[in-house]
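Here the structure comes first, spelled out in structure tokens, and everything after it is commentary.
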Amino acid sequence: MKKQDILILYLSNSSLESNVIGWARHYGDKKKIGMPGDNDSPPYEKGIEAIHDGWRLFQSSQLEQHPKGDEYRTGYLKYEFFFEKIK
Amino acid sequence: MKKRKKNNFLLSDNQMAEFVSKGYLIFENIIDNKTNKKFLSEIGHTSTSLNKKNTDQAWLAEHYNEIMKTSKIPLVKAGTPLKKAYKKNSALNDVINNPVLSGAIKSLVGDRPKLDHHFLHITFPSKYYHDANQKISQGNHNDCVIDPREKTFDIQLFYFPTAVEKNMGGTRYIPGSHFRMVNEFAIARYHNIRGQKHVVCPAGTIIIFHHNIWHGAGINNSKKIRYGFKIRLMPTQKQVKLWTNKTYKNNHDEEALYWNRGIEKNSIKEILQKTEPWFEADSGRLDILNRIRLWRHITNDKNFDAAYWLTRIENDYN
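Protein sequences appear in the order of chains A and B.
When we follow the numbering used here, the leftmost residue of the first sequence carries the number 231, and every step to the right adds one.
When we follow the numbering used here, the leftmost residue of the second sequence carries the number -7, and every step to the right adds one.
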């Protein structure tokens, strides 16, 4: 049975060429666990390096207009990219 | 003008700016060993408790319940003034009256804060757990639902009565995350964030966190129990110039963003503009704006600015 590995990257802007600022790994193999705080160094320096390494991008976040009156509030990480590898 | 009672341990301007910028302050080893031992004894910790070769998970629950039942940590009603929360001669009373800590508390939330809640976190070594889900670290979260307050903030004291070594899975926290308005575990998807830190400290350390800082507990891979006692405090007064009588006046000699002299090292302006490794290019700038806004509020200096960040968007002549 083929299984899906997931890589989630958060980038410093909306371009895949920008720096990785956050990340998470999930494995199709039950024996492997990706967990919070498991690595202080990112798997790639830039988002595009994941593509070069064979990851397939299947979702990225939209650019959204800033709501009036709330332009300066910060919250969730904005530039989220989901990748997969089928093994 | 009412004379301020002298407290030589109030925070400095730079420490206040660090708190505004990073959302935390660390006071290593400020609680003496005698008080640490007293606290451990009052909660019923026994150093030999994990040497029983007892690997039964039920025993852990039993031990935990025993600590919760027999500990001298009082049940304190939410909203109780901090001054009335702990009995004289108790370890916790000694902790909160530590001059360095009480000076920091007074500087941040004033001299009559209320206790929101307190809690003893006990993290047993992971080898005692059989369930896989208890061998997974806690997800990132903040300790609040969506909190719309922009100027008022609570503080959370984290007291570590024993040393926290690297393999003990001390709290992971994200410097500078306190302005990010999120809803508790909604951010658990963010497993790792560039620049994240993990608490590693000597016994008797206190870390004061802004209530909104993103954090999560790690796994304890050591053979020792990890304790962290948390006290959340809320102010009952405006958090303006609580640490000083100084009058702050912006000198209007505002440097440009790319000033050729560079920003003065360790100045308030430099501290407030230090970016975190995880800041997005755009939102990170908004975080700097929010730091400057909070600094204006706590210093009552409405014209303060750094590198013209706010001034340039404040001349909308309608």
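Yeah, the Cβ is synthetic: ideal placement off N, Cα and C, and Gly gets one too.
Computed from a prediction, not measured in an experiment: that's the story for all the values here.
Per DSSP, residue i is paired with what?
i	result
residue 152 of chain B	B:197
residue 221 of chain B	B:112 and B:151
residue 54 of chain B	Bridge partners of residue 54 of chain B: none, in fact.
residue 106 of chain B	B:73 and B:226
residue 164 of chain B	B:190 and B:208
residue 132 of chain B	Bridge partners of residue 132 of chain B: none, in fact.
residue 236 of chain A	A:256 and A:314
residue 289 of chain B	In the DSSP output, where bridge partners are listed per residue, residue 289 of chain B has none listed.
residue 290 of chain A	A:311
residue 172 of chain B	A:304
residue 185 of chain B	A:252
residue 241 of chain A	A:250
Can you grab the Cα-Cα spacing for the pair residue i / residue j, in whole Å?
i	j	result
residue 251 of chain A	residue 80 of chain B	47 Å
residue 230 of chain B	residue 100 of chain B	10 Å
residue 285 of chain B	residue 306 of chain A	20 Å
residue 22 of chain B	residue 244 of chain A	44 Å
residue 104 of chain B	residue 225 of chain B	10 Å
residue 52 of chain B	residue 148 of chain B	27 Å
residue 361 of chain B	residue 266 of chain A	Any question about residue 361 of chain B goes unanswered here, given that chain B covers just -7 to 310.
residue 67 of chain B	residue 110 of chain B	9 Å
residue 249 of chain A	residue 279 of chain A	10 Å
residue 316 of chain A	residue 234 of chain A	5 Å
residue 201 of chain B	residue 180 of chain B	19 Å
residue 287 of chain B	residue 232 of chain B	9 Å
residue 313 of chain A	residue 289 of chain A	7 Å
residue 59 of chain B	residue 269 of chain A	33 Å
residue 260 of chain A	residue 129 of chain B	17 Å
residue 256 of chain B	residue 61 of chain B	54 Å
residue -7 of chain B	residue 159 of chain B	Any reading at residue -7 of chain B must be qualified, since the residue scores a pLDDT of 44, below 50, and its modelled position is unreliable; no value is offered.
residue 90 of chain B	residue 96 of chain B	10 Å
residue 333 of chain B	residue 247 of chain B	Residue 333 of chain B cannot be examined here, being either before or after the span of chain B that is shown, -7 to 310.
residue 290 of chain B	residue 256 of chain A	43 Å
residue 297 of chain B	residue 262 of chain B	11 Å
What residue range does the beta strand (DSSP E) around residue i cover?
i	result
residue 19 of chain B	16 to 19
residue 255 of chain A	250 to 256
Are residue i and residue j closer than 9 Å when you measure CB to CB?
i	j	result
residue 138 of chain B	residue 174 of chain B	yes
residue 29 of chain B	residue 228 of chain B	no
residue 269 of chain B	residue 187 of chain B	yes
residue 154 of chain B	residue 86 of chain B	no
residue 88 of chain B	residue 223 of chain B	yes
residue 13 of chain B	residue 266 of chain B	yes
Identify which residue in the options has its Cα closest to the Cα of residue i.
i	options	result
residue 120 of chain B	B:35, B:55, B:275 and B:77	B:55
residue 294 of chain A	A:263, A:310, A:283 and A:288	A:310
residue 25 of chain B	B:275, B:194 and B:50	B:194
residue 184 of chain B	A:264, A:285 and A:304	A:264
residue 151 of chain B	B:282, B:70, B:158 and B:17	B:17
residue 64 of chain B	B:33, B:282 and B:92	B:33
residue 239 of chain A	A:291, A:262 and A:259	A:291
residue 131 of chain B	B:177, B:304, B:235 and B:159	B:177
residue 31 of chain B	B:11, B:170, B:213 and B:220	B:220
residue 169 of chain B	B:283, B:2 and B:308	B:283
residue 0 of chain B	B:235, B:210, B:189 and B:309	B:235
residue 308 of chain A	B:70, B:172, B:140 and B:83	B:172
residue 301 of chain B	B:117, B:204 and B:264	B:264
Using 8 Å as the cut-off, classify the Cβ of residue i as near or not near the heavy atoms of the ligand ATP, replying yes or no.
i	result
residue 87 of chain B	What this structure holds is no ligand at all, so the ligand ATP is not there to describe.
What is the residue span of the alpha helix (DSSP H) that residue i lies within?
i	result
residue 265 of chain B	260 to 265
residue 26 of chain B	25 to 35
residue 278 of chain A	278 to 282
residue 141 of chain B	Neither: residue 141 of chain B is in no alpha helix (DSSP H) and is coded neither H nor E.
residue 83 of chain B	83 to 88
residue 96 of chain B	91 to 101
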